[in-house]
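When we follow my numbering, the leftmost residue of the sequence shown carries the number 944, and every step to the right adds one. From the three backbone atoms N, C-alpha and C, an ideal C-beta is built for every residue, glycine too. Keep in mind that this is a model prediction, so the values were computed, not measured. Step one of this worksheet: look at the structure below.
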Amino acid sequence: MSSDVPQPTDAGLDVDLDIDLTDLPVNHETAVAAEPVIHGAGVVGHIADMPDDTTPSAARDAHERPSGTLYDVALDYWRENVGDPKREPAVVPFDADWLPPAEDAFDDEDGDGVPPEYVLAVSSSRWKAGTGRGDNYSAYYQQHLKLRLRDADGELHKPSTALHVEIMPQYHDLVHRDGNELDCPYGEGTRIRVWTTWAECPFDITRRGVDALTTVYGDGALDVQENGLPTNLVPESHKISKAEAHLRVDIAKKGALVDTIRQTTDLIAYGGTSEVEANRTREREGWVEAQVVSDRWDHLGFSDVPFKTGLKLYQANGWAKMPEDHPMHHPKIEAMFSGADGALPHVCDWDDLVQHLRTVVSTHADWAGVTRDDLVDDDHFDGSLAADYEFEMPTGRREHLASYYDDMATRVTREALKPNSVAPYDILRVVSRNDGATYDTLVEQTGLARSTVRYHVARFEEQGILKRLSNPVLVVFDSRALQQQAVDALDDARPGDTADDLDERADQRRERRDQDDRARRDDGTFDSEDDQDDERSRFEYLSSLDMTPEDLFVEVSTSDGVLAPDDVRVRLDPIPKRYRFG
C-alpha cells in the first residue's frame, strides 16, 4: 500500500510563489486588421405606455386594469386574427428599406420564376407570469413577430437577414407560477425584445422592431418619434441583449484556429467540466468546433469588461458538400456577448462592446497566423478587401500566463508532499479525478470531515490553485492549464497511489471518527444533537483532521479577526504547565 507519506524534496521548487496573477506583465500594441463584421445583435427596452391615471398595485384585479398598451393591442390582434395556437402563424406582408431584395435572399430551386415576398409570421408562446394563484393560475402569452420569406407555394423560409420581435406585458398585478409578484423595474407598460442580423447600430435594431410592430398592429399601436424610436421608450431600459462579430476564414486555417481557441480555453476556463461557461471542444470526422465562454478575458490582457464573452469556431451544416469556392464551405471565428451576472450593458456602451468583440476575434486570428489572404468574402463580408480598423492587441500576457500556471503546479507539488498529512493530496486528487467536485463528493471520497474539506479548499483558493463556483458550490481548478499540470504533479508526488488506496484512507478516517464518537459517548462529552446538527461545534484531534500544528498556527495567526476568542478551545490538561494561564 502507499499509505506512507513521501517527504518533500527541493527539486523544481525554486520559483517565486508570492507573485499574483494580476501582477503578470502585459503589453499592448496598436494593430491594423480587417474589421470583423457584426452578425447577430439584439436589444431590449421598456415602453411606458400604461395610461397615466392608472394606480400601480399588485392587489389590483387584472380585469380592472385599463387597456391600451402595446401588449394589449398585440393580444387583441392575435385573438381576432389567429384565435387558436393550432392556426399559428398568421402572416402579414412586410417591406422595409433595410431589407435586401427578396429574390436575392431566396434560392428558387424549382425555377418557376415567381419571386418570393417578405412576411411577418405572428405567433405566441406561454410566458413566465400570469394571474391567479394555485389552481387558479392562468399564464399570459407573449407575442412574436418573425421575419420570413414566403415562396409561390405559400411555404415560409428563414431569410439570411433575420428579425424577431417579442412583446411582453409589464403589469404589477401579474405573478409567477410560484405566486411571487412579477418585477417591473421600469414601471408598467410593455417590454420589447428585438434581435436581428447585419445591423451596425443598436438604434437601427430598435427601428427595425418598430417597422415590424407598426406593420402588423398599425401606426396607432406606437407613438413614434422622428428618429424612428418609440416616444415612450424608457432610456435607461434600452439595453444590449445580444452582439456578435466574426471573420470568415479559409478552411485551411481551421486547425490552427481550433488549437488557438483551445489554448485560450486552457488558460481562462476553470478546470472542471461541470462549469457551464467552459463549453465543450468537439471533434468529428470532417467537422471541428471549439468554443469557450468566460468572464476572465482580462487574464489574457483584454479589457476587463463587466460581462461574459464567448469565442467559437463553427461551420454551417452540410459544409463538406459545398464546393470550395462557396463561402459556406469555410468556417467563421466569432466572438459574442454572452450575458452578464448583473445589469445588461446600455446601448450607449455599444461601441465599446463591439470593439471588445472585434479585438478578441482579430487577436485570435493573428495568434493563429491568419492573414488577409486567408479571409473569405460572402454576401456580408468583403474578405481580404474588408475595411481596416485599429485595435489594441495584447502581447506577452499569454506566454506569461502559461508560465504562471506552470509555476503554480509547484504549489500543488508542495501540497501533495506536505509532511504528516495526506489530506491536501487527497482533496486535489478527487477534484482532478472528478473534473470538479462538490463538498459532498469531497467528503464522501476522502472520508474527511466537511469542516476539514472546507478548510483546505479555502487555503487552496487563497493560493490560486482551486476556485469555488457557487449555486451549488463546485470546487474546480483555477484553470484547465493548471489542472493538466496538477495531474502530473500529483502523479509524481505519489506514483504508486491508486484509487483503492484513496478509498482505504477514506475508510480509515471515517473509522477513526466513529471511534472518537464512541469514546466521547462513553465519557459523556458527546452531544448527539449538537454533533449531528452543527458540525462547527465538534472538536477533533489534529491527527483526525489531517492537520498539523503548523496548519493550525497559520489558520489562527492569519485569520484577520475572523476568529473570535470563543472560536478556539484549548485543552488545559495534560498539556505542559508553561502553556496554561495563571
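Identify the residues that DSSP records as bridge partners of residue i: which are they?
| i | result |
| --- | --- |
| K941 | The structure shown has nothing for residue 941, since the chain only spans 944 to 1525. |
| M1111 | R1134 |
| G1253 | V1236 and M1279 |
| H1119 | A1072 |
| T973 | E1335 |
| E1124 | V1118 |
| T1139 | A984 and L1106 |
| L1190 | I1276 |
| I990 | T1133 and L1176 |
| H1100 | L1092 |
| H1289 | K1182 |
Check this for me: beta carbons of residue i and residue j, under 7 Å apart or not?
| i | j | result |
| --- | --- | --- |
| E1109 | H1087 | yes |
| P1270 | D1325 | no |
| G983 | E1187 | yes |
| H1107 | W1138 | yes |
| L1409 | R1372 | no |
| I1276 | L1200 | yes |
| R1452 | L1360 | no |
| P1274 | L1254 | no |
| R1341 | L1243 | yes |
| G1122 | R1076 | yes |
| P979 | V1304 | yes |
| V986 | T1158 | no |
| T1133 | D992 | yes |
| S1422 | Y1348 | yes |
| F1250 | A1283 | yes |
| Y1160 | V1016 | yes |
| L1042 | A1072 | no |
| N970 | T1338 | yes |
Over the uninterrupted alpha helix (DSSP H) stretch that includes residue i, give me the two end residues.
| i | result |
| --- | --- |
| E1023 | L1013 to N1024 |
| T1074 | T1074 -> not in any alpha helix (DSSP H); beta strand (DSSP E) instead, spanning E1060 to T1074. |
| L1200 | K1197 to I1211 |
| E1404 | R1393 to Q1406 |
| R1376 | A1366 to R1376 |
Grab the span of the beta strand (DSSP E) containing residue i for me, first residue to last.
| i | result |
| --- | --- |
| T1338 | D1331 to T1338 |
| E1143 | Careful: E1143 lies outside any beta strand (DSSP E) and carries neither H nor E. |
| S1422 | Counting along the chain, S1422 falls outside any beta strand (DSSP E), and DSSP gives it neither H nor E. |
| R1301 | From DSSP, R1301 is part of no beta strand (DSSP E) but of the alpha helix (DSSP H) over W1293 to W1310. |
| Y1084 | S1081 to R1093 |
| L1385 | Note, L1385: premise wrong, no beta strand (DSSP E); alpha helix (DSSP H) at Y1382 to T1389. |
| K1410 | L1409 to L1412 |
| V1319 | No beta strand (DSSP E) contains V1319, which DSSP labels as neither H nor E. |
| N1170 | Counting along the chain, N1170 falls outside any beta strand (DSSP E), and DSSP gives it neither H nor E. |
| H1272 | Element bounds for H1272: n/a, residue is neither H nor E. |
| P1036 | A1033 to P1036 |
Once you ignore the five residues that flank residue i on each side, which residues in its own chain have a CB closer than 6 Å to its CB?
| i | result |
| --- | --- |
| M1336 | E972, A974 and T1306 |
| S1217 | In this prediction, S1217 has a pLDDT of 38, which is less than 50 and means its spatial position is unreliable; nothing more can be read from the coordinates. |
| P1112 | Y1014 and Y1083 |
Apart from the five residues just before and just after residue i, which ones in its own chain have a Cβ nearer than 7 Å to its Cβ?
| i | result |
| --- | --- |
| L1296 | I1183, A1186, F1280 and P1288 |
| D1369 | T1389, L1445 and R1448 |
| D1268 | none |
| D1166 | P1173, T1174 and N1175 |
| L1344 | L967, L1210, H1242 and L1243 |
| A1436 | P949, T1356, A1359, L1360 and Y1368 |
| G1229 | Low confidence applies to G1229: its pLDDT is 34, below 50, so where it sits in the model is not reliable enough to give any reading. |
| V1057 | A1095 |
| E1404 | K1410 and R1411 |
| A1233 | V1201, I1204, R1205, T1224, K1255 and L1256 |
Spatial neighbours of residue i within its chain, please: C-beta separation below 8 Å, excluding the five flanking residues on both sides.
| i | result |
| --- | --- |
| D1431 | A1352 |
| P1105 | Before going further, note that residue 1105 is Ala rather than Pro in the sequence given. Cβ within range, chain order: G983, L1090, W1138, T1139 and T1140. |
| T1384 | V1373 and N1377 |
| A1286 | K1182 |
| P1145 | A984, V986, H1181, I1183, V1290 and W1293 |
Between the region 1014 to 1021 and the region 1081 to 1101, can you find at least three pairs of beta-carbon atoms closer than 8 Å?
Under the Cβ criterion (8 Å, minimum of three pairs), the region 1081 to 1101 counts as touching the region 1014 to 1021.
Under 8 Å, with one C-beta from each stretch per pair, do the region 1327 to 1336 and the region 1354 to 1373 reach the 3-pair mark?
Segment contact: the region 1327 to 1336 against the region 1354 to 1373, fewer than three CB-CB distances shorter than 8 Å; contact not assigned.
Are at least three pairs of beta-carbons, each pair with one atom in the region 1060 to 1069 and one in the region 1026 to 1034, less than 8 Å apart?
The answer is yes - the region 1026 to 1034 touches the region 1060 to 1069, with three or more Cβ pairs under 8 Å.
Pairs of beta-carbons, one from the region 1299 to 1318 and one from the region 1187 to 1202, closer than 8 Å: are there three or more?
The region 1299 to 1318 and the region 1187 to 1202 touch, with no fewer than 3 CB-CB distances between them shorter than 8 Å.
Mind the definition here: the region 1163 to 1182 touches the region 1298 to 1312 only if three or more C-beta pairs lie below 8 Å; say whether that holds.
With a cut-off of 8 Å, the region 1298 to 1312 and the region 1163 to 1182 do not count as touching, because too few Cβ pairs lie within range.
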